[in-house]
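Asks: Let me begin by handing over the structure; questions about it come next.
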Amino acid sequence: MKVNELAQKLSLKLLAGEGGLDNEILTCYSGDLLSWVMGRAHEGSAWLTVMGNVNAIAVATLTDCACIILTEDAPLDEDARQRAESQSVPILSTDLNAYEMAVKISEILK
Amino acid sequence: MAGLELKYAVPSAEEDFLGAGEASTSVKKKLRQIGYNPEAVRKVAIAMYEGEINMAIHAGGGEAEVEILPQSVTIKLIDHGPGIADVEKAMQEGWSTAPEEVRSLGFGAGMGLPNMKKYTDTMDIETEVGKGTTITMVVNAQ
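Protein sequence lines, in the order shown, are assigned to chains X and Y. Numbering-wise (numbering that gives the first Met the number 0), the first sequence opens with residue 0 and increments by one. Numbering-wise (numbering that gives the first Met the number 0), the second sequence opens with residue 0 and increments by one.
Here it is, written out as structure tokens:
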């Protein structure tokens with residue numbers, strides 16, 4: 000499923016990185032410790048996190064995550080927004096927590 | 000084919016924490032452009048990023064030298080920081096000496112060196128307390 004479709008189905012707000020909306024979501028991953036995520040997130044993940052900083056964008060880029068979904072309305076830093084734009088990493092936002100979001104994604108990716 | 004050699008300066012966390020990651024992002028792009036095996040590209044990107052972050056946090060920055068050959072990529076990270084007092088401990092997942100402010104950014108989980116080892120085919124650490132550390136990592140193309 001493409002990031003765009005997922006965003007529409009779950010009414011997620013796009014904060015940045017429109018250029019990557021065609022990325023294919025293969026799976027889902029949740030975590031906030033960047034080094035932990037770095038070593039474990041699979042390619043094509045929709046990554047659920049509260050980390051809206053510029054390093055999170057780097058981790059998403061380097062691990063080939065399909066998109067970042069900021070849970071519980073976690074804020075996106077301005078420099079992170081710019082980095083996400085330039086690297087075309089879609090940043091979506093939800094008021095749900097990671098568990099609630101992951102359950103919904105799981106239903107859709109079935 | 001002759002090897003392609005790339006050199007980067009890695010800034011310290013104090014100078015520019017946002018700059019850490021630029022070298023690995025650039026190497027990843029280059030490897031993609033030349034059509035390198037995607038799994039190897041991912042390994043290089045992850046290992047090199049962890050190394051960059053380590054140098055930025057612990058060593059006041061350093062240099063990264065990357066040699067791309069058809070059969071492998073060699074990443075050499077050179078710093079003149081404090082050195083690693085106990086390499087065996089540093090290699091354990093979860094063991095960290097990162098300062099609190101770095102933890103709040105999502106680092107300092109004690110995963111840096113273990114991730115570098117996990118994602119490379121060989122990793123060699125030369126370190127001397129008070130002098131610095133040189134880490135050489137090789138990722139095979141296949």
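Ideal Cβ placement from N, Cα and C applies to all residues, glycine included. Computed from a predicted model, the values in this text were never measured in an experiment.
Can you give the beta carbon distance from Glu127/Y to Gly82/Y, rounded, assuming they're within the 8 Å contact cut?
Replies: 5 Å
Asks: In terms of alpha-carbon separation, which member of Pro74/X, Ala101/X and Leu61/X lies closest to Val43/Y?
Replies: Looking at the Cα atoms, Leu61/X is the closest of the given residues.
Asks: Considering only residues of the same chain and omitting the five flanking positions on each side of Gly59/Y, which have a CB-CB separation below 7 Å?
Replies: Ser11 and Gly80
Asks: Contact check, Asp78/X vs Ser92/X under 8 Å by CB: the rounded distance?
Replies: So it is not a contact: roughly 17 Å between Cβ atoms.
Asks: With 16 other CB atoms within 10 Å as the buried threshold, where does Thr48/X fall?
Replies: buried
Asks: In angstroms, rounded to a whole number, what distance separates the CA positions of Gly61/Y and Thr132/Y?
Replies: 10 Å
Asks: Say whether chain X places a C-beta atom closer than 8 Å to the C-beta of Glu49/Y.
Replies: Answer yes: the Cβ-Cβ gap between Glu49/Y and chain X drops below 8 Å somewhere.
Asks: Starting from Asp123/Y and walking both ways along the beta strand (DSSP E), at which residues does that stretch end?
Replies: Thr121 to Glu127
Asks: Which whole-angstrom value is the C-beta distance of Gly20/Y and Glu66/Y, which I expect to be below 8 Å?
Replies: Going by Cβ atoms, the distance from Gly20/Y to Glu66/Y rounds to 20 Å, so no, they are not a contact pair.
Asks: Do Phe106/Y and Leu9/X have their C-beta atoms closer together than 8 Å?
Replies: no
Asks: Could I get the ranges of all uninterrupted beta strand (DSSP E) runs contained in the segment 67-101 of chain Y, with 3 residues as the minimum, in chain order?
Replies: 71-78
Asks: Which two residues bound the contiguous beta strand (DSSP E) that contains Ser92/X?
Replies: Ile90 to Ser92
Asks: Bridge partners for Trp46/X per DSSP, in chain order?
Replies: Tyr28/X and Ile67/X
Asks: In three-state terms, what does DSSP make of Lys1/X?
Replies: If DSSP states are grouped into helix, strand and coil, Lys1/X belongs with the strands.
Asks: Distance, Cα to Cα, Val2/X vs Gly129/Y?
Replies: 48 Å
Asks: My assumption, with CB atoms under 8 Å, is that Gly43/X sits in contact with Asp63/X. Please give the rounded CB distance.
Replies: 7 Å
Asks: Does any residue of chain Y bring its CB to less than 8 Å from the CB of Trp35/X?
Replies: yes
Asks: CA-CA distance, Val101/Y and Lys6/Y?
Replies: 26 Å
Asks: Tell me the DSSP secondary structure of Asn52/X in three-state form.
Replies: coil
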